[in-house]
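Residue numbers for the sequence shown follow the working numbering, so the first one is 240 and each next one is one higher. Written below as structure tokens is the structure these notes are about.
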Amino acid sequence: MVKRIFFILSLVTLFTTSALAKLSPNEKTGNDRFSLKAQYMMGFYVDKHSNMTADMPSAPVGINLGVEFPSTQQRPWQQYLQNPTVGLGMTYMDLGSERFGKVVALYPYIMLNCVRVKNFEMKVKLASGLGVVNEHWYTQEDQNVDHYYDKTTNAIFGCYLNAYLSAGLNLNFPITRNFAINSEFGFIHMSNGRTCMPNVGANIFYGGLGAIATINPEEEREPKTFPDLPYKWSLNFTAAAGCVAQDIEDHKFAIASLHLGAIYNVCNWYGVGPGVDMFYNDGISKNTTRNLYSKDARITYGPKEKLRIGLSVDNEFKFGLLTAIFDWGVYLYNPSRNYYDEYVRLNCQDGLVKRPLFYKSSGPGSEEAFHYFRFGLKCRVWDNLYLQATAKTHMQICEYVEFGVGYQIPFLRKGKRTADKMLFHHEKQWWNN
Numbered sequence: 240m241v242k243r244i245f246f247i248l249s250l251v252t253l254f255t256t257s258a259l260a261k262l263s264p265n266e267k268t269g270n271d272r273f274s275l276k277a278q279y280m281m282g283f284y285v286d287k288h289s290n291m292t293a294d295m296p297s298a299p300v301g302i303n304l305g306v307e308f309p310s311t312q313q314r315p316w317q318q319y320l321q322n323p324t325v326g327l328g329m330t331y332m333d334l335g336s337e338r339f340g341k342v343v344a345l346y347p348y349i350m351l352n353c354v355r356v357k358n359f360e361m362k363v364k365l366a367s368g369l370g371v372v373n374e375h376w377y378t379q380e381d382q383n384v385d386h387y388y389d390k391t392t393n394a395i396f397g398c399y400l401n402a403y404l405s406a407g408l409n410l411n412f413p414i415t416r417n418f419a420i421n422s423e424f425g426f427i428h429m430s431n432g433r434t435c436m437p438n439v440g441a442n443i444f445y446g447g448l449g450a451i452a453t454i455n456p457e458e459e460r461e462p463k464t465f466p467d468l469p470y471k472w473s474l475n476f477t478a479a480a481g482c483v484a485q486d487i488e489d490h491k492f493a494i495a496s497l498h499l500g501a502i503y504n505v506c507n508w509y510g511v512g513p514g515v516d517m518f519y520n521d522g523i524s525k526n527t528t529r530n531l532y533s534k535d536a537r538i539t540y541g542p543k544e545k546l547r548i549g550l551s552v553d554n555e556f557k558f559g560l561l562t563a564i565f566d567w568g569v570y571l572y573n574p575s576r577n578y579y580d581e582y583v584r585l586n587c588q589d590g591l592v593k594r595p596l597f598y599k600s601s602g603p604g605s606e607e608a609f610h611y612f613r614f615g616l617k618c619r620v621w622d623n624l625y626l627q628a629t630a631k632t633h634m635q636i637c638e639y640v641e642f643g644v645g646y647q648i649p650f651l652r653k654g655k656r657t658a659d660k661m662l663f664h665h666e667k668q669w670w671n672n
């Protein structure tokens, strides 16, 4: 298992390093600046699970390390986003309890400029990667399902590998041209997206204090001026799949989705538009005890009961080869509307009650809502082809994580169309054509 974990982290390192190399100029002359960062960090848990409070963990503490590559102003996406900084980070953190153990996380991140004056810089930091914990449910002495909430077991993490998400403010106080005091304040979320159970996860507010040293170039590059994106509209076709654990005793169930979306590029780095989704979750069954779905013995759980169809508002934030996506949708076809709650079970024995399109649920974690969120990243790997990783949630409760492949069809602006060319393909250095 340990060898497998290090293999996965090695692949993540290779992928992120390659991505950062492509996001930055590949010429060897001129500005080869980079920065080295180290911070001591301390945090506290929020939204504590009952199993967590029984153990009373101390404050999580650790170190943040990073290698950063400031914008060289030689790529369109750098100019469109006001010259952000990209980096590759690693966090080591003691989670404050022998039962919870320790975590090592590896992640790429981006920092967007907010304030830049002579002696102060403030940036918004966004990070997404993988974290490995050395203690979880299956490493505990007591694995009896009936003892799920026993304080001697770890019900926070269900497996070694977890998603690591972080967002916050990065503050720089320059001392010299090459050295600055650095601090961060932000939020960390770690969970496995129901790939295995349990999946309570950890939510941590943290603060960090350290220093950053910058290696400056011998000469500065002249910023380039780039044209606008050559297209305004694009169509996205995506197919994705994965697996999800519904309960500790269950095997894993297959999940899949199809997505069709039309994106209008409001500006060079942001697009929005309508989308249509079809979801399949094989775990929806009266034979499982997943609390996100109330089960009714009168329903025959065939394929159509495991399908859901929705309309969504799709948002895309473009960072060169990478695009961050955030969608919000409403179910149009959703058999969950027929699932009974306690009132219906006790008072409507003669038939199923069909809820309206918009209905009030008992709250996140108790049953599925009438709407859903989807957020994640996609990376263009060839021409208009991209790979995608997303999490689908109902409010803050994750339903599953999926991985997919998609194709984007951009339509050229009217001024750039010719008699034989309307579609646009992402040729390298298209801005020079």
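Backbone N, C-alpha and C define an ideal beta-carbon position, used for all residues, glycine too.
Query	Result
Minimum Cβ-Cβ distance from Val640 to chain D less than 7 Å	Absent from the structure is chain D; it holds one protein chain and no more.
When Tyr445, Thr415 and Asn373 are compared against Leu404, the one with the closest alpha-carbon	Tyr445
7 Å Cβ cutoff met for Phe597 and Phe612	no
Beta-carbon proximity list for Arg243, same chain, < 6 Å, skipping 5 on both sides	Caution applies to Arg243, whose pLDDT of 48 falls short of 50 and renders its modelled position unreliable; the value that the coordinates give is listed next. Contacts found: none.
Met361 and Val372 closer than 7 Å at C-beta	no
Lys267 versus Gln278 - alpha carbon distance	Summary for Lys267: the model assigns pLDDT 43, below 50, so the residue's position carries little reliability; its value from the coordinates is reported in the next sentence. C-alpha separation (whole angstroms): 30 Å.
Test item: CB-CB of His375 and Phe396 under 7 Å	yes
Euclidean distance between Cα positions of Asn475 and Cys435	30 Å
Outcome for Gly541 when other beta-carbon atoms lying within 10 angstroms are tallied against a minimum of 16	exposed
Cβ neighbours of Met280 in the same chain (closer than 6 Å, five flanking residues each side left out)	Gly301, Asn303, Tyr445 and Gly447
Residue interval of the beta strand (DSSP E) (run including Gln485)	Here Gln485 belongs to no beta strand (DSSP E), and DSSP marks it neither H nor E.
DSSP state of Met291 mapped onto helix, strand, coil	helix
Run of the alpha helix (DSSP H) containing Gln318, from where it starts to where it stops	Pro315 to Tyr319
Beta-carbon spacing of Ile502, Ser473 below 7 Å	yes
Helix, strand or coil at Asp553 [DSSP, three-state]	strand
Own chain partners of Ile487 with C-beta closer than 6 Å, once the 5 adjacent residues on each side are dropped	Val384 and Met436
Helix, strand or coil at Tyr399 [DSSP, three-state]	coil
Cβ separation of Phe424 and Ala406, assumed to be a contact under 8 Å, to the nearest whole Å	Not really, about 10 Å apart at Cβ, beyond 8 Å.
Run of the beta strand (DSSP E) containing Asn438, from where it starts to where it stops	Element bounds for Asn438: n/a, residue is neither H nor E.
Segment contact, 8 Å Cβ cut-off, at least three pairs: the region 319 to 330 with the region 338 to 349	yes
7 Å Cβ cutoff met for Lys545 and Asp521	yes
Cβ distance (whole Å) where Arg338 is taken to contact Asn401 below 8 Å	That belief does not hold up - the Cβ atoms of Arg338 and Asn401 are roughly 16 Å apart, past 8 Å.
Per-residue DSSP class, three states only, for Tyr346	strand
Boundaries (first-last residue) of the beta strand (DSSP E) holding Ile564	Leu561 to Tyr572
Where the beta strand (DSSP E) containing Ala658 begins and where it ends	Segment: none, Ala658 is in no beta strand (DSSP E) and carries neither H nor E.
Local conformation of Tyr611 per DSSP, three classes	strand
Supposed close pair Tyr319, Trp508 - CB separation, criterion 8 Å	5 Å
Exposure of Ala480, with buried meaning 16 or more beta-carbon neighbours within 10 Å	exposed
Distance between Thr453 and Arg416 (C-alpha atoms, nearest Å)	8 Å
Asn421 - containing beta strand (DSSP E), residue span	Phe418 to Ser430
Within 7 Å, strictly: CB atoms of Asn438 and Asn431	yes
Buried or exposed by the 16-neighbour rule on C-beta atoms within 10 Å, applied to Asn409	buried
Phe663 (DSSP reduced to helix, strand or coil)	coil
CA-to-CA distance, Ile548 to Ser296, given in whole angstroms	Residue identity check: residue 296 is Pro in the sequence provided, not Ser. Each residue's alpha carbon lies about 42 Å from the other.
Bridge partner(s) assigned by DSSP for Met361	Val354 and Leu410
Reduced DSSP secondary structure (H/G/I, E/B, other) of Phe254	With a pLDDT of 46 at Phe254, under the threshold of 50, the modelled position of that residue is not reliable, and the figure given next carries that caveat. Phe254: helix per DSSP, three-state reduction.
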